[in-house]
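First comes the structure, then the notes that go with it.
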Amino acid sequence: MRHNQKSHTVEEALQKLMHFCAYRDRSQKEVEDKLNEMRMIPEAKEKIIISLMQENFLNEERFARSFVRGKFRMKKWGRKKIVMELKKRDISSPIIKLGLSEIKETDYRKTLYELAEKKADKISEPNLFKKKKKLADHLLRKGYESQLVFDCVNDITD
76 MRHNQKSHTV EEALQKLMHF CAYRDRSQKE VEDKLNEMRM IPEAKEKIII
126 SLMQENFLNE ERFARSFVRG KFRMKKWGRK KIVMELKKRD ISSPIIKLGL
176 SEIKETDYRK TLYELAEKKA DKISEPNLFK KKKKLADHLL RKGYESQLVF
226 DCVNDITD
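In this note's numbering, the protein residues as written are 76 to 233.
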C-alpha cells in the first residue's frame, strides 16, 4: 500500500466501482477487495455494495453464469475446476449450481472428447497404459469428473 494514497468519498468510490463492474461481471469478493484497497470503512463498503446490487452492477448469479460460460467455452475447463474457482471467490453453492446450468450436458461431453482426442494425438507414448494415464491426468487437471474421464479415455484409446 502506498502511504500517500488518496481517500475517496463514498460517491467517488461508488463511481469507480460502477466502472469496475461494468467492464466485466465481478464477484462480491472482488468488489470487497477493491474497496479494501481503497481503504473504505465498513459502513461505506456496505453502502457501496448495496448500491451496486440495487443498480444491478453487482449480481453474483450473473457473475457465476458468465464465469462458467467463459471458463468452459474459452479454457475448456471441467465442472470440478470451475466449482473450485467459484468457491475461491466466495460464491455460494446455490449460485454455483445456477452458474453450472449454463453448460449443456451434450456440449460438456463433446468438449471433453474433443480435448481428449487433441491431447491423445500429441502424446507420443508407445506404452498404451502410460499413454492412457497421461491423457487421463491431463483431463483431470482440466477439472473433468473422474468417471467421465476414464470412460472417455477408454473410448478413444481402444
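We put the CB at the ideal spot given by N, CA and C, even for glycine.
Residues near residue i in its chain [Cβ-Cβ closer than 7 Å; skip 5 each side]
i    : result
V143 : I157, G174, L175, E177, I178
S82  : R114
N- and C-terminal bounds of the alpha helix (DSSP H) containing residue i
i    : result
Y98  : 85-98
K156 : 154-163
P169 : 168-175
E180 : 180-197
N202 : Neither: N202 is in no alpha helix (DSSP H) and is coded neither H nor E.
A221 : The residue asked about is misnamed: residue 221 is Ser in this sequence, not Ala. Note, S221: alpha helix (DSSP H), 221-232.
Proximity test, residue i beta-carbon vs the ligand NAP heavy atom, cut-off 6 Å
i    : result
E136 : Inclusion of the ligand NAP in the displayed structure is not the case, the ligand content being empty and no account of it being possible.
Contacting residues, own chain, Cβ-Cβ under 6 Å from residue i (five flanking each side not counted)
i    : result
T181 : none
F147 : I178
I170 : E135, E136, A139
Residue environment, residue i, which counts as buried when at least 16 other CB atoms sit within 10 Å
i    : result
L187 : buried
K120 : buried
S102 : buried
D88  : The question names Asp, but residue 88 is Ala in the sequence shown. Buried, because 16 or more other Cβ atoms sit within 10 Å of the Cβ of A88.
K97  : The sequence shown places Ala at residue 97, not Lys. Under this definition A97 is an exposed residue.
L234 : The first residue shown for the chain is 76 and the last is 233, placing residue 234 beyond what the model contains.
Contacting residues, own chain, Cβ-Cβ under 8 Å from residue i (five flanking each side not counted)
i    : result
R154 : L175, I178, Y183, G218, Y219, E220
I124 : Q103, V106, E107, L110, L133
E130 : M93
I198 : K206, K209, L210
Suppose only complete runs of 4+ residues qualify. What are the alpha helix (DSSP H) ranges in the segment 111-147, listed by chain order?
117-129
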